[in-house]
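124 is the number of the first residue of the sequence shown in this note's numbering; add one for each residue after it. Take a look at the structure below.
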Amino acid sequence: MAVIHSLGMYKGYIKYKSELDTNWMEKCSSLDFQDLPEKETLPPSLKDVRHFVLIPAVNEPFEVLKDPFENYFNQTFPTDQVVLVYTIEEKYAKETIENLRKVFAGRESSFANILIYTHPAGIPGEAIGAGAANRTWGAKHAIEELLFKGENLRNYIFSTFDADHVIHPQFLARLTHLYLTSDKRDNKFFQSAVALFDNNYWEVPVFMRIEATSVALGGLSEWSVKGKLKDTFAAYSSSLQTLIDVDYWDVSLGVDDQIFYWRAFFARKGDFIGVPHHIPYYADAVSGHDLFSSCKSLYKQLLRWGWGVIDFPLSVKGFLKNKEVPFHLKIAWMIRHFEKRVLLIDSVFLITFGFALLTFFNPAVKQATFAYSLPKITSMILTSTVIFFVPITLMRFKIVRPLPEDWPYWKKFLAVTEGPLVIFNMLSFSFLPQIEAQTRMLLGKKMKDLYHTPKMR
124 MAVIHSLGMY KGYIKYKSEL DTNWMEKCSS LDFQDLPEKE TLPPSLKDVR
174 HFVLIPAVNE PFEVLKDPFE NYFNQTFPTD QVVLVYTIEE KYAKETIENL
224 RKVFAGRESS FANILIYTHP AGIPGEAIGA GAANRTWGAK HAIEELLFKG
274 ENLRNYIFST FDADHVIHPQ FLARLTHLYL TSDKRDNKFF QSAVALFDNN
324 YWEVPVFMRI EATSVALGGL SEWSVKGKLK DTFAAYSSSL QTLIDVDYWD
374 VSLGVDDQIF YWRAFFARKG DFIGVPHHIP YYADAVSGHD LFSSCKSLYK
424 QLLRWGWGVI DFPLSVKGFL KNKEVPFHLK IAWMIRHFEK RVLLIDSVFL
474 ITFGFALLTF FNPAVKQATF AYSLPKITSM ILTSTVIFFV PITLMRFKIV
524 RPLPEDWPYW KKFLAVTEGP LVIFNMLSFS FLPQIEAQTR MLLGKKMKDL
574 YHTPKMR
């Protein structure tokens, strides 16, 4: 598994460097629309392409909101073909909208439109704290406004980003090129394989940094080796028509990222896949006022992510009801669920403590033949895993922003050698919140009031 992960990372990195070196707006301009596939879903020309960018916000301060907007403003794709849709939770709407007005600084006219909506609190049936309800509210109202103005929704590419996401200047141009050159556009979602946490990467404590690295490198690798069995996560795109056809998000659930995928998967009878590109976006790593608050915040965020395990019963229920989904896809996704929700979470714990626990509860096992060789095998597995920290560390420093120049040498040395601490994270932050979430689901408990990870500078 470590070998496959390393190969996937390097394969993704090569694509990442290649795509960064390409002028994607120039490639868009050189497209001959007569040669592009599926004319019925194709905008008439490049000038007719529109981007519908949905940005849910809660209580992000000015400093967090500023950088994402600056990068929307500085896209190589024309901003006068971009509609920004901000949807704000009611509790903090006044302060957040004031911060947005300061961020805009009178530049609203540079975009096709900037729409701001306030999502009311306390709507019956909605999960509290989940982005699904906020996103759905903003998207529905924005689409109503576009229809009222007579806009052709077929020309719109939909994307959703978190309020702290800073997209690379070439992001929308790359997405446009990928979308236009794809067939079956309504049966695909588009997502960057390079989700980095550079906004505050070197400012957060080491355990937050390691978790951020695991997510970034894991995503880069998975898109290389598991591309056809990937669901939506954090920031993704599709045709705007697909968003409408799947009826937005499930507002009653505590998660929204991967659930969007499953709604589209069953709406398209299993014919729905992800298509990656390698132009990055940059998010905030979890941070707090001190180490303790950072660790607490990370645990709560990963507990919320762990609640994504509800996609297992939801998808299995859909598999049983939907006879039009190919059988081989159902089997492939069942295996993928097991790998993602069981194997990847439990493997490090079982390798580290499994034999000790087995002999503790059943001392007679020590007399079995395999008991003499199992500790050696376990040691070999752990040793070989440590060896792979070398390529992982090299890859990490190739894609994250450079170490701060004002750091002393001892601190830089610790940063370079902190990789093996991932074992601690895998036995704690990457394990315990997942187990808690799965146990809650097993006991029929619901997570109705979800934790919103605070963003700070």
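Ideal Cβ positions, reconstructed from N, Cα and C, are used throughout, including at glycine. This structure is a prediction, so every number in the text was calculated from the model and none was measured.
Candidates the options: closest to residue i by CA position
i	options	result
Ile-266	Val-176, Pro-160, Thr-482	Val-176
Val-465	Gly-542, Leu-555, Ile-396, Pro-486	Leu-555
Ala-335	Phe-389, Arg-391, Leu-425	Leu-425
Leu-473	Lys-263, Glu-447, Ser-502	Ser-502
Asp-108	Ser-553, Val-172, Asn-222	As displayed, the chain neither begins before 124 nor continues past 580, which places residue 108 out of reach and without an answer.
Arg-524	Ser-141, Tyr-240, Asn-323	Asn-323
Lys-148	Thr-299, Ala-235, Lys-499	One detail in the question is off: residue 148 reads as Met in this sequence, not Lys. Measuring from the Cα of Met-148, the nearest candidate turns out to be Thr-299.
Asn-236	Asp-158, Tyr-384, Leu-269, Asp-321	Leu-269
Leu-276	Gln-364, His-400, Pro-247, Leu-159	Gln-364
Arg-230	Ile-522, Gly-248, Lys-263, Tyr-195	Tyr-195
Phe-476	Ala-455, Pro-201, Leu-154, Ile-546	Ile-546
Lys-463	Thr-210, Ala-296, Ser-553	Ser-553
Ile-515	Ala-487, Leu-544, Glu-528, Pro-527	Leu-544
Arg-580	Thr-199, Lys-419, Asp-321, Thr-164	Asp-321
Lys-189	Thr-219, Pro-247, Thr-199	Thr-219
Assigned secondary structure, residue i (DSSP; H/G/I helix, E/B strand, else coil)
i	result
Asn-194	helix
Ser-615	Past the edges of the chain, shown from 124 to 580, lies residue 615, and the structure says nothing about it.
Ile-474	helix
Gly-229	coil
Thr-202	helix
Ser-315	strand
Glu-212	strand
Ile-290	strand
Ile-246	coil
Leu-340	helix
Tyr-405	strand
Leu-466	helix
The alpha helix (DSSP H) enclosing residue i, as first and last residue numbers
i	result
Ala-538	532 to 539
Asn-257	254 to 271
Ala-455	450 to 461
Tyr-302	294 to 303
Pro-167	Segment: none, Pro-167 is in no alpha helix (DSSP H) and carries neither H nor E.
Trp-147	147 to 152
Thr-516	512 to 522
Separation of residue j from residue i, as counted between CA atoms
i	j	result
Glu-212	Ala-244	7 Å
Glu-541	Val-329	8 Å
Gly-350	Met-549	24 Å
Arg-459	Leu-352	7 Å
Gln-557	Arg-427	9 Å
Ile-127	Gly-341	11 Å
Glu-559	Leu-565	10 Å
Gly-411	Glu-326	10 Å
Ile-402	Arg-308	19 Å
Pro-292	Asn-197	6 Å
Phe-483	Asp-469	19 Å
Ala-479	Phe-512	25 Å
Val-348	Ala-228	44 Å
Ser-305	Pro-160	7 Å
Tyr-384	Ser-438	10 Å
Ala-390	Ser-129	35 Å
Leu-301	Pro-201	16 Å
Asn-485	Trp-530	51 Å
Glu-221	Leu-467	43 Å
Val-398	Leu-366	16 Å
Pair within 8 Å by beta-carbon distance, residue i and residue j
i	j	result
Phe-271	Tyr-404	no
Leu-181	Tyr-215	The amino acid occupying residue 181 in the given sequence is Val; Leu does not appear at that position. In this structure, Tyr-215 lies closer than 8 Å to Val-181 by Cβ.
Gly-135	Ala-316	yes
Met-132	Leu-414	no
Asp-618	Glu-183	Any property of residue 618 remains undetermined from this structure, which presents the chain solely from 124 to 580.
Phe-281	Ser-361	yes
Lys-578	Val-187	yes
Gly-273	Val-208	no
Phe-356	Asp-380	yes
Ile-522	Leu-319	yes
Glu-119	Lys-392	Examination of residue 119 is not possible in this model, given that the chain is present from 124 through 580 alone.
Gly-431	Val-378	yes
Met-331	Leu-421	yes
Phe-312	Ala-387	yes
Val-471	Thr-576	no
Leu-238	Val-206	yes
Leu-143	Leu-154	no
Leu-376	Ile-333	no
Arg-258	Pro-179	yes
Range of the contiguous beta strand (DSSP E) that encloses residue i
i	result
His-174	173 to 180
Ser-282	279 to 283
Pro-399	396 to 400
Asn-236	236 to 242
Any non-hydrogen atom of the ligand ATP closer than 7 Å to residue i Cβ
i	result
Leu-480	You won't find the ligand ATP in this model; it holds no ligand whatsoever.
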